[in-house]
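Q: This is the structure, below, for whatever I ask next.
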Amino acid sequence: MKHFLFRIAKDYVKTQFISICHSVVHQHPFGKRQNPFCVRGVLDSRFRGKDMFLKLSHTFIFSIFITFALFSCKKDDEITSPPIDYSKIDTIQYSKHIQPLLNEKCATSGCHNSASKAAGLSLASWNEVMGGSTFGEAIVAFKSSKSLLTTLFDGTPLRVSHRSLGEKKLTNAEVTFLKRWIDGGAKNDAKQIPFAHSMNKLYVPNQGEDNVAIIDIDSMVVIRYVDVGNSPGNDAPHFIVAKGEYWYVSLINTGQVWKFSAHTDTLIGIVHIPGAPALLSLSPDGGKLFVSQFMSATQQINKIYTVNTSSMLITDTITVGTMPHGIRVNNSGTRLYIANMLSDNISVVDVATNELIENISVAFDANPFGQAIYQPMEIAVSPNDSFVVVTCSGSAKNEVRLFSVGNSPALTLIDSFPVAEQPWHVQFIPNNNDYCYVTNRKGNTLSEIHLPMRMVMNEITNETKFDFPHGVAISGDGKYVFVSNENQSILHNFIPRYNNDYVGNVCMYERTASALQFVKALEVGKFPTGLSIVE
Amino acid sequence: MKKFFLFLIVIVFVAINCKKEEDNPSNNNNNTAKFKLSDFESAQSCSTCHPQYYDEWSGSMHRYSTSDPIWMLANNSLQQSTNGTLKSTCFQCHSPIGFLTGNTPATFQFSDLKPLVREGINCDVCHTLRAPHTTTNGRIAYNIQPGRIKYGQISDPIPAGGAHESGYDISYERSEVCRTCHDLISNGVPVEITFTEWQNSPWAAMSVECQNCHMQTYTGQAAVGGPVRNNLHRHDMVGVDVAFGDFPNKPQQRAAVDSLLKNSCTMTVVTPSSVNANDSLQVLVNIYNDKTGHNLPTSVFFFRQMWIEVTASKGSDTIFRSGHLDANGDLLDTNSAFPARDRNLALFAGTLYKHGEFSNVFEMDSLVNNSIPPFESRLAKYNFKIPTGGSWNVKVRLLFRPFGPYLLRAVGAQQYLSDLVIFEMEKEERVIVVQ
Chain A
2 MKHFLFRIAK DYVKTQFISI CHSVVHQHPF GKRQNPFCVR GVLDSRFRGK
52 DMFLKLSHTF IFSIFITFAL FSCKKDDEIT SPPIDYSKID TIQYSKHIQP
102 LLNEKCATSG CHNSASKAAG LSLASWNEVM GGSTFGEAIV AFKSSKSLLT
152 TLFDGTPLRV SHRSLGEKKL TNAEVTFLKR WIDGGAKNDA KQIPFAHSMN
202 KLYVPNQGED NVAIIDIDSM VVIRYVDVGN SPGNDAPHFI VAKGEYWYVS
252 LINTGQVWKF SAHTDTLIGI VHIPGAPALL SLSPDGGKLF VSQFMSATQQ
302 INKIYTVNTS SMLITDTITV GTMPHGIRVN NSGTRLYIAN MLSDNISVVD
352 VATNELIENI SVAFDANPFG QAIYQPMEIA VSPNDSFVVV TCSGSAKNEV
402 RLFSVGNSPA LTLIDSFPVA EQPWHVQFIP NNNDYCYVTN RKGNTLSEIH
452 LPMRMVMNEI TNETKFDFPH GVAISGDGKY VFVSNENQSI LHNFIPRYNN
502 DYVGNVCMYE RTASALQFVK ALEVGKFPTG LSIVE
Chain B
-13 MKKFFLFLIV IVFVAINCKK EEDNPSNNNN NTAKFKLSDF ESAQSCSTCH
37 PQYYDEWSGS MHRYSTSDPI WMLANNSLQQ STNGTLKSTC FQCHSPIGFL
87 TGNTPATFQF SDLKPLVREG INCDVCHTLR APHTTTNGRI AYNIQPGRIK
137 YGQISDPIPA GGAHESGYDI SYERSEVCRT CHDLISNGVP VEITFTEWQN
187 SPWAAMSVEC QNCHMQTYTG QAAVGGPVRN NLHRHDMVGV DVAFGDFPNK
237 PQQRAAVDSL LKNSCTMTVV TPSSVNANDS LQVLVNIYND KTGHNLPTSV
287 FFFRQMWIEV TASKGSDTIF RSGHLDANGD LLDTNSAFPA RDRNLALFAG
337 TLYKHGEFSN VFEMDSLVNN SIPPFESRLA KYNFKIPTGG SWNVKVRLLF
387 RPFGPYLLRA VGAQQYLSDL VIFEMEKEER VIVVQ
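Residue numbers (the numbering used here), protein chains in the order written: chain A, 2 to 536; chain B, -13 to 421.
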């Protein structure tokens, strides 16, 4: 259509000019020697006349219409330059193939060039592309299906329209080409893979889609998605624990715990756990991994397992209370504490012998029918090993209980803190015995508890980001607090940018002298749960 | 001059059309889209290759959803009482194909329904659903894509030889695929919110999904001649509802419902072993929802009847009872046609209200819900005196039926009263020696 219009326009303008110039020539004293396309000639005052004026007016108006008509058709690039056949590019070179494409379609003024940085995103250089936007990453190396740069254009419905796309929309061939580059590692000209040597990583299991999102804490973008699980169905990665060289993830539905290298994020080993592995804890030297279990719909569980992390084999089975869930080794590596959700008690285990020392009740107003009303969910130990806190998620309680550590009894209840509904995971600040943080799943808050003052200092809310906050992790320097949000509640408080499916997020908060300051919410996968940091 | 203006008009016309070509929107496949019946396939066409699934589904409540005489009568009754404002609300879930294709007569007899509509929630409805699966607030937002690709939870499906293509969708193994019809808000009030009840519970965090209990896993062939797989799901989708009248696999369905209910909670009874005659005797009955991933009962909790029956007797001499039925088979509550009331009745159900008066699910504005959430319990206390000595038997039962006889009579379905059974969920007996 455009070529046809262009040809018509060209022919018509040419005809008109020739006609005008012929008129000029016929009236010019120098006859046909005058250049027939000489416009200057027609402006000669000696040859002005009504007919010529009309012809000129027609030509001018027509030219405007033609221009308008042509520009109304979007694909004007076909006129100026033939499309690049991206399928014939074997070796993708960033500066030669990717950046020019981004420059043409995205990194333009008012959009994503360095000066404009719409939504905080500049696509003017490889480094800037990898830096992402105010809201998170633009691309995830090796995972085009999770890269906004391409999913914006591949038919995935957007939640928030990309208003400035206009005629700069990427073609299918261009999107396919960008996907090739991303899935090949999104390398720059030096063949560097982005974030290949990231030192501070946050690992987030996405229970609803069988992968682990890896976030670079320094850049606060998702840098990788690692697929986990080997069953034909939903393996449901639930909890991650990390220490030094390795990280481990529990897979509920597969009955396995997978071990990964923290440097390469590649699978190293698998241990099979009877039943459904839940939470994990590592001994300080990383040699022992303790695994709690979920109960099934028809069977109550009262066992935890000790795994030798070198051989990835179960070495011990320890009988504890009913439905052991929260599990944590103290920092000196001498004791293991287990929160037993359906027997309302805490099991204390000697790590050296793997023997149960004592079961300590969390309930002093125990239910006469023996059923759990406190339902201790998660447990944490203060860095100096002097205190243990337990989240009591029972709907009649909704509190955090504080115990002091001793010999006999092994734990003594000293206080309790009412928090919002369904307190879930809990974490102390590393090397700080004063503060711990608790996610309140149904309450949609994060509680900041100050132990010396014995009070809940802050109940942090975030109406548009918190939706069933689940896991909590804190950076080694205590500067940042991270909260995973399932985003599966009836309200769906968090509206993702795209995907049209209710993916969850990880909220990043910075600890200041006075308060927690919200920094960023990063979209991850579906149903993010127990997250952990490798530094 | 004329030629020029003619040419100008043509050019402008062409230019405008050129613009329109570019702006042509893609097909919007949401709940506002209308489908044709021919867009969907009959379950019968699936039965050749999937006989096992077909047989299981044939005896399921998904198949029964548009063969349910109680539903039909209730719909017709509500259409009249709401002057037609009910519209196709019931069809949204009972026959998604009818709803999506506009085949939703206001009042009807089964013979009025198209054969495909009468298949209820058939294979094509569930296996062409795509995420997001959202809670329904009044009007359902199906994201349905009928066509050649049938989606499921098998991650490595065998390409079908021309019958259809197979797609993997992880949501088919998760509760969210059930959400659209099992998470309903009415007039801004969460009512039939089985999904949310589950989502709010620790079961969701554990990834114990709807399918774990209601579509149990087995080993077999998904299709005739296909590979043996260990992650197939039963398509009988057993819950607590039962079919009335003639329906395939009816005895198996009732047995499965009975089994499910018997493994849904824990009842604990506390009594003294002995009392003095005429002293006050207390019987404590605690119902603990420790095995069910949602409230007990759930869904249409305002129709459900789960209650405690207590009987203290010695031979034919009964000194105390609660949870017994009147001559019509109803509990002695406000639905009984008789004036007597059971003041000790422990009934786990609920009531819908509009402006403080009893109402229906479409017009309600508030509710009272006495169902038991996961990992919560309810305690019932019974106090009575036994005047004479001897060994007295205290029998406690937890009973359930999908709805009471009063409801059948209210919609004119008396002929099915004899088919309404009571399931015994728990039972315990104690002997108390009265001095």
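Where a beta carbon is used, it is the ideal one built from N, C-alpha and C, also for glycine.
1. With a threshold of 9 angstroms between beta-carbons, can lysine 11 of chain A be considered close to chain B, or not?
2. Jot down the residue ranges of each uninterrupted beta strand (DSSP E) in the stretch 314 to 363 of chain B, minimum 3 residues, whole runs only, in chain order.
3. Whole angstroms are fine: how far does the CA of glycine 88 of chain B sit from the CA of methionine 58 of chain B?
4. Quick one: Cα of serine 285 of chain B to Cα of cysteine 164 of chain B, how far?
5. So which residues on chain B does alanine 277 of chain A lean against when the C-beta distance must stay under 9 angstroms?
6. Valine 210 of chain B lies in the beta strand (DSSP E); which residues open and close that run?
7. Here's the rule: buried if 16 or more other CB atoms are within 10 angstroms of the residue's CB, otherwise exposed. What is arginine 327 of chain B?
8. In whole angstroms, what separates the C-alpha of threonine 92 of chain A from that of leucine 103 of chain A?
9. Do you know how far the Cα of isoleucine 372 of chain B is from the Cα of serine 362 of chain A?
10. In the DSSP output, what is threonine 252 of chain B paired with across the bridge?
11. Between which two residues does the beta strand (DSSP E) carrying histidine 239 of chain A extend?
12. Would you say tyrosine 274 of chain B faces chain A, with C-beta separation under 9 angstroms as the test?
13. Taking only the alpha-carbon atoms, compute the straight-line gap between proline 176 of chain B and methionine 292 of chain B and give it to the nearest angstrom.
14. With a threshold of 9 angstroms between beta-carbons, can proline 176 of chain B be considered close to chain A, or not?
15. In three-state DSSP terms, what is glutamate 129 of chain A?
16. Give every residue of the same chain whose Cβ lies closer than 6 angstroms to the Cβ of glycine 111 of chain A, excluding the five residues on either side of it in the sequence, and list them in chain order.
17. Can you tell me the Cβ-Cβ gap for lysine 202 of chain A and isoleucine 183 of chain A, rounded? I've got them flagged as a contact below 8 angstroms.
18. Listing by chain order, which chain A residues have their CB less than 8 angstroms from the CB of proline 213 of chain B?
19. Confirm, please, whether the CB-CB distance from valine 269 of chain B to valine 296 of chain B is below 9 angstroms.
20. Could you check whether the Cβ of aspartate 211 of chain A sits closer than 9 angstroms to any Cβ belonging to chain B?
21. Quick one, are the C-beta atoms of valine 389 of chain A and glutamate 379 of chain A less than 9 angstroms apart?
22. With distances taken from CA atoms, which of B:Phe85, B:Phe361, B:Thr52 and B:Leu338 is nearest asparagine 355 of chain B?
23. May I have a chain-ordered list of the alpha helix (DSSP H) segments no shorter than 4 residues that lie completely inside the stretch 10 to 69 of chain B?
24. Starting from proline 37 of chain B, find everything on chain A with Cβ-Cβ shorter than 7 angstroms and list it in chain order.
25. Alpha carbon to alpha carbon, how far is glycine 133 of chain B from valine 350 of chain A? Give it in angstroms, no decimals.
26. Of all Cβ atoms in chain A, is any one closer than 9 angstroms to the Cβ of proline 132 of chain B?
27. Kindly give me the distance between the Cβ atoms of threonine 205 of chain B and valine 214 of chain B, rounded to whole angstroms, as I take these residues to be in contact under 8 angstroms.
28. Could you say if the stretch 521 to 534 of chain A and the stretch 484 to 503 of chain A meet the contact criterion of at least three C-beta pairs nearer than 8 angstroms?
29. Can you give me the start and stop residues for the alpha helix (DSSP H) that glutamate 183 of chain B sits inside?
30. Please report the distance separating the alpha-carbon of valine 380 of chain B from that of asparagine 346 of chain B.
31. Count the other CB atoms, across all protein chains shown, that sit within 10 Å of the CB of glutamate 183 of chain B; report buried if there are 16 or more and exposed otherwise.
32. Report the residues of the stretch 131 to 161 of chain B with a CB closer than 7 angstroms to any CB of chain A, ordered along the chain.
33. Roughly how many whole angstroms lie between the Cα atoms of threonine 354 of chain A and valine 227 of chain A?
34. When you compare the stretch 400 to 409 of chain B with the stretch 381 to 390 of chain B, are there three or more beta-carbon pairs, one atom per stretch, that lie closer than 8 angstroms?
35. Tell me whether aspartate 228 of chain A sits in a helix, a strand or coil according to DSSP, three-state version.
36. Express the C-alpha separation of glycine 84 of chain B and valine 111 of chain B in angstroms, rounding to a whole number.
A: On the basis of the data shown:
1. Walking along the first sequence from the start, residue 11 of chain A turns up at place 10. Only weak support is given to the placement of lysine 11 of chain A: the predicted model assigns it a pLDDT of 48, under 50, and the value that follows is read from those uncertain coordinates. So, not an interface residue.
2. 332 to 334, 336 to 340 and 352 to 355
3. Counting from 1 along the second sequence, the entry for residue 58 of chain B is found at position 72. Counting from 1 along the second sequence, the entry for residue 88 of chain B is found at position 102. Approximately 17 angstroms between the Cα atoms of the pair.
4. Your numbering for residue 285 of chain B matches position 299 in the second sequence. Your numbering for residue 164 of chain B matches position 178 in the second sequence. Taking the straight line joining both Cα atoms gives about 13 angstroms.
5. The residue given as residue 277 of chain A occupies position 276 in the first sequence. Those are Met192, Ser193 and Val194, listed as they occur along chain B.
6. Looking up residue 210 of chain B in the second sequence gives position 224. Per DSSP, valine 210 of chain B belongs to no beta strand (DSSP E) and is neither H nor E.
7. Here the question's residue 327 of chain B lines up with position 341 in the second sequence. Arginine 327 of chain B comes out exposed.
8. Sequence index remark: in the first sequence, residue 92 of chain A carries index 91 (1-based). Sequence index remark: in the first sequence, residue 103 of chain A carries index 102 (1-based). Taking the straight line from one Cα to the other gives about 18 angstroms.
9. Position 361 of the first sequence holds residue 362 of chain A. Position 386 of the second sequence holds residue 372 of chain B. When rounded, the distance between both Cα atoms is 38 angstroms.
10. One-based indexing of the second sequence puts residue 252 of chain B at position 266. The partner list for threonine 252 of chain B (beta bridge, DSSP) reads B:Tyr274.
11. For the purposes of this step, residue 239 of chain A is taken as residue 238 along the first sequence, with counting starting at 1. Run containing histidine 239 of chain A: 238 to 244, per the beta strand (DSSP E) assignment.
12. Position 288 of the second sequence holds residue 274 of chain B. Answer yes: the Cβ-Cβ gap between tyrosine 274 of chain B and chain A drops below 9 angstroms somewhere.
13. The residue given as residue 176 of chain B occupies position 190 in the second sequence. The residue given as residue 292 of chain B occupies position 306 in the second sequence. Cα to Cα, the separation comes out at about 21 angstroms.
14. On the second sequence, position 190 is the one that residue 176 of chain B refers to. Yes, contact with chain A.
15. Within the first sequence, the letter at position 128 stands for residue 129 of chain A. In the structure shown, glutamate 129 of chain A sits in a helix (DSSP, three-state: H, G or I).
16. In the first sequence, the residue the question calls residue 111 of chain A occupies position 110. Cβ within range, chain order: Ser117.
17. Working through the first sequence from its first residue, we reach residue 202 of chain A at position 201. Working through the first sequence from its first residue, we reach residue 183 of chain A at position 182. That pair is no contact at about 20 angstroms.
18. Within the second sequence, the letter at position 227 stands for residue 213 of chain B. Neighbours of proline 213 of chain B on chain A: none; closest Cβ ~11 angstroms, over 8 angstroms.
19. If you number the second sequence from 1, residue 296 of chain B lands on position 310. If you number the second sequence from 1, residue 269 of chain B lands on position 283. The answer is yes: Cβ separation under 9 angstroms.
20. Residue mapping note: residue 211 of chain A aligns to position 210 of the first sequence, counting from 1. Aspartate 211 of chain A counts as touching chain B.
21. The sequence position of residue 389 of chain A within the first sequence is 388, counting from 1. The sequence position of residue 379 of chain A within the first sequence is 378, counting from 1. No; because the gap between Cβ atoms is not below 9 angstroms, this pair is not in contact.
22. Translated into positions along the second sequence, residue 355 of chain B becomes position 369. Looking at the Cα atoms, B:Leu338 is the closest of the given residues.
23. 30 to 33, 37 to 44, 47 to 50 and 55 to 67
24. On the second sequence, residue 37 of chain B is found 51 positions in, with the first residue counted as 1. Per Cβ cutoff of 7 angstroms: no residues; proline 37 of chain B is ~22 angstroms from chain A at best.
25. Within the first sequence, residue 350 of chain A is the residue found at index 349, counting from 1. Within the second sequence, residue 133 of chain B is the residue found at index 147, counting from 1. Cα to Cα, the separation comes out at about 57 angstroms.
26. Along the second sequence, one-based indexing puts residue 132 of chain B at 146. Cβ-Cβ to chain A under 9 angstroms: no for proline 132 of chain B.
27. For the purposes of this step, residue 205 of chain B is taken as the residue at position 219 of the second sequence. For the purposes of this step, residue 214 of chain B is taken as the residue at position 228 of the second sequence. About 6 angstroms; that satisfies the 8 angstroms criterion.
28. yes
29. For this step, residue 183 of chain B is matched to residue 197 along the second sequence. Start and end: 180 to 185.
30. Looking up residue 380 of chain B in the second sequence gives position 394. Looking up residue 346 of chain B in the second sequence gives position 360. Each residue's Cα considered, the two are about 38 angstroms apart.
31. For the purposes of this step, residue 183 of chain B is identified with residue 197 of the second sequence, where counting begins at 1. Buried, since its Cβ has 16 or more Cβ neighbours within 10 Å.
32. Gln139, Ile140, Ser141, Asp142, Ile156, Glu159 and Arg160
33. Sequence index remark: in the first sequence, residue 354 of chain A carries index 353 (1-based). Sequence index remark: in the first sequence, residue 227 of chain A carries index 226 (1-based). If I take the Cα positions, the gap works out to 36 angstroms.
34. yes
35. As a working mapping, residue 228 of chain A is identified with position 227 in the first sequence. Looking at aspartate 228 of chain A - three-state DSSP - the assignment turns out to be strand.
36. Translated into the one-based positions of the second sequence, residue 111 of chain B becomes position 125. Translated into the one-based positions of the second sequence, residue 84 of chain B becomes position 98. If you take the alpha carbons of valine 111 of chain B and glycine 84 of chain B, they lie about 11 angstroms apart.
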